[in-house]
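K.L.:
So the mapping is simple: my numbering equals the position in the sequence shown, first residue as 1, plus 688. The beta-carbon is built from N, C-alpha and C at its ideal position, and this holds for glycine as well. These figures come from a predicted structure and were not determined experimentally. First the structure, then my questions, so here it is.
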Amino acid sequence: MDKIILITGGAGFIGSHVVRHFVKKYPDYRVINFDKLTYAGYLGNLSDIESAPNYTFIKGDICDAEHVERLLSAEAITHILHLAAESHVDRSILDPIGFVRTNVLGTATLLNAAKDVWKGQMEGKLFYHVSTDEVFGSLGTHGSFSETTAYDPHSPYSASKASSDHFVRAYHDTYGLPILISNCSNNYGTHQFPEKLIPLIIRNIRDKKPLPVYGKGENVRDWLWVNDHVRAIDILLHEGKAGFTYCIGGNNEWKNIDLVRLLCSIMDGELNQPEGAAASLITFVTDRPGHDMRYAIDATKIMAETDWKPTQDFRMALTDTVRWYLANPQWIEAVTSGEYQHYYERQYAGR
Ligand code: NAD
Ligand code: DAU
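The structure is reproduced here in structure tokens:
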């Protein structure tokens, strides 16, 4: 096998797209998906490739040092693509310590195992850490985040991701671990857990439930199609310079309220209902505490050093995304039937 890649969090939203991409594109690589299967991990996301000869799933927790170390050495892992995390800001406000455990302790545990197992043989190895633009904090009306922007996280989620980024750099500077970090903007696409804005709004329009928009809906996010993120990860894993950071974004800024209105208009068309029917469900609710106003990424570096660029027309890709959720109600029911119902009531009751 050319490369033996451990993908953590491969049963989640971005992770499952990454796993599928590497399994299909690189039959000579071995892909091992290591996932705890929390509420956000669903193996049904990967049913189309689960019996591929170059794919293996292992259930496990990145905080379990003994398991992680045994796996790295028994499978002779050459590359770690680290996506496992608690990823939802609102949940981090309800349960910050769970985010410290997984995102900080879990990442440090993985780093430590890689340092020990790869000791004296770092050549040809890479610890690729998938991070977020939220570590940079919040922008005003102008400017964008780049690789040199100072860290300024505000939520427990972004603080835990910032901390994990610092640990990754510390293991590079202190132990010579070959690392790479990418900080990406908001992803959208199929298989995203319906706690996140876009699938939540699609589901609620379908079910004719209120569409909760935090505050005045003025906050801005930079949306990137998930498969463009996956392509960037592929390119950086092969061509990125070890020890460095890359910012990835869609150059596609939307105010939340404008995005929700666009989704309403697409959904009215898809559901054959009068224009304005979905928008009548928009409900402004109490703002998220510490809500970052604006994110935007300057992706000049990755675009200058590689041939990566975002490919999708937003309206078309968003329409395809809407169609996938409408065509897969059984997927929505499967992932939301358990713990999520309690979370939804706790998060939105009385807002
Ligand atoms: P997700 O919540 O959909 O999936 C997370 C996955 O990690 C799940 O499969 C879950 O079971 C697994 N996991 C959680 N804790 C674990 C543990 N202790 N051990 C092993 N597995 C565990 O997340 P996502 O949205 O796909 O994000 C993936 C990564 O990308 C995260 O690191 C996130 O910070 C980063 N990121 C996400 C976005 C975005 O817009 N979603 C943007 C930039 C960066
Ligand atoms: O920027 C990258 C980050 O994007 C990732 O690191 C995170 O893992 C990912 O969850 C996402 O974080 P956000 O907080 O930006 O995404 P979310 O979908 O939760 O919210 C998007 C915006 O919509 C945000 O400004 C909050 C707002 N919102 C969200 C929800 C769930 C609402 O107005 N109503 C809602 O019900």
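Does the separation of the CB atoms of Y1036 and P900 fall below 8 Å?
P.N.:
yes
K.L.:
Roughly how many whole angstroms lie between the Cα atoms of S761 and T797?
P.N.:
15 Å
K.L.:
Between V805 and E757, what straight-line distance do the alpha-carbon atoms span, to the nearest angstrom?
P.N.:
7 Å
K.L.:
Which residue's Cα is closest to the Cα of H926: R789, A1022, V1010, Y816?
P.N.:
Y816
K.L.:
Is any heavy atom in the ligand DAU found nearer than 7 Å to the beta carbon of E822?
P.N.:
yes
K.L.:
Beta carbon of I954, beta carbon of G905: below 8 Å?
P.N.:
no
K.L.:
How should N1016 be labelled, buried or exposed, when 16 other C-beta atoms within 10 angstroms of its C-beta is the threshold for buried?
P.N.:
exposed
K.L.:
What residue from G831, Y839, H830 has the CA that sits closest to F824's CA?
P.N.:
Y839
K.L.:
Secondary structure at Y730, three-state DSSP: helix, strand or coil?
P.N.:
coil
K.L.:
Would you list the one or two residues that DSSP bridges to T696?
P.N.:
F722, H770
K.L.:
Going by DSSP in three states, R976 sits in which element: helix, strand or coil?
P.N.:
The answer is coil: DSSP assigns R976 none of H, G, I, E or B.
K.L.:
Which first and last residues belong to the alpha helix (DSSP H) in which W1012 is found?
P.N.:
Residues 1002 to 1015.
K.L.:
CB of E941 to nearest heavy atom of the ligand DAU: below 7 Å?
P.N.:
no
K.L.:
Based on the DSSP secondary-structure assignment, which residues constitute the bridge partners of V818?
P.N.:
S870
K.L.:
Cutting at 7 Å between CB atoms, please list the residues of its own chain near S826, excluding the five before and the five after it.
P.N.:
Around S826: H842, D980, M981, R982.
K.L.:
To the nearest angstrom, how far is the alpha carbon of F881 from that of E993?
P.N.:
Rounded to the nearest whole angstrom, the CA to CA distance from F881 to E993 is 33 Å.
K.L.:
What is the residue span of the alpha helix (DSSP H) that L782 lies within?
P.N.:
Segment 777 to 782, the alpha helix (DSSP H) holding L782.
K.L.:
Helix, strand or coil for T836? Go by DSSP, reduced to three states.
P.N.:
Reduced to three states, the DSSP call for T836 is coil.
K.L.:
How big is the Cα-Cα spacing for D821 and M1004?
P.N.:
24 Å
K.L.:
Mapping DSSP to helix, strand and coil, what is I890?
P.N.:
DSSP, read as helix, strand or coil, puts I890 in helix.
K.L.:
Is N1016 close to the ligand NAD? I mean its beta-carbon at under 7 Å from any heavy atom of the ligand.
P.N.:
no
K.L.:
Should N875 be listed as close to the ligand NAD, given that the test is whether its C-beta is under 7 Å from any heavy atom?
P.N.:
yes
K.L.:
Whose C-beta lies closer than 8 Å to the C-beta of P962 among residues of the same chain, with five residues either side of it excluded?
P.N.:
Result list for P962: D956, in chain order.
K.L.:
May I have the straight-line CA-CA distance separating I695 from S968, to the nearest angstrom?
P.N.:
Going from the Cα of I695 to the Cα of S968 covers about 42 Å.
K.L.:
Examine the ligand NAD and report whether any of its heavy atoms sits within less than 7 Å of the Cβ of L868.
P.N.:
no
K.L.:
Under DSSP, the beta strand (DSSP E) around V901 begins and ends at which residues?
P.N.:
899 to 902
K.L.:
Which whole runs of the alpha helix (DSSP H) in the segment 923 to 973 are 4 residues long or more, in chain order?
P.N.:
944 to 958
K.L.:
Specify, as a first and last residue, the run of the alpha helix (DSSP H) that F745 falls within.
P.N.:
Here F745 belongs to no alpha helix (DSSP H); instead the beta strand (DSSP E) covers 743 to 747.
K.L.:
Rounded to the nearest angstrom, what separates V719 and I692 at their Cα positions?
P.N.:
When rounded, the distance between both Cα atoms is 6 Å.
K.L.:
What is the residue span of the beta strand (DSSP E) that D910 lies within?
P.N.:
908 to 913
K.L.:
Hey, could you find the ends of the alpha helix (DSSP H) M991 is sitting in?
P.N.:
According to the DSSP assignment, M991 belongs to the alpha helix (DSSP H) that extends over 988 to 993.
K.L.:
Does the Cβ of T974 have 16 or more other Cβ atoms within 10 Å, making it buried, or fewer, making it exposed?
P.N.:
exposed
K.L.:
Whose C-alpha, out of W911, V792, H1030, R976, is nearest the C-alpha of T1009?
P.N.:
W911
K.L.:
Can you say whether H767 is buried or exposed, counting buried as having 16 or more other CB atoms within 10 angstroms of its CB?
P.N.:
By the neighbour-count criterion, in which 16 or more other beta carbons inside 10 Å mark a residue as buried, H767 falls on the buried side.
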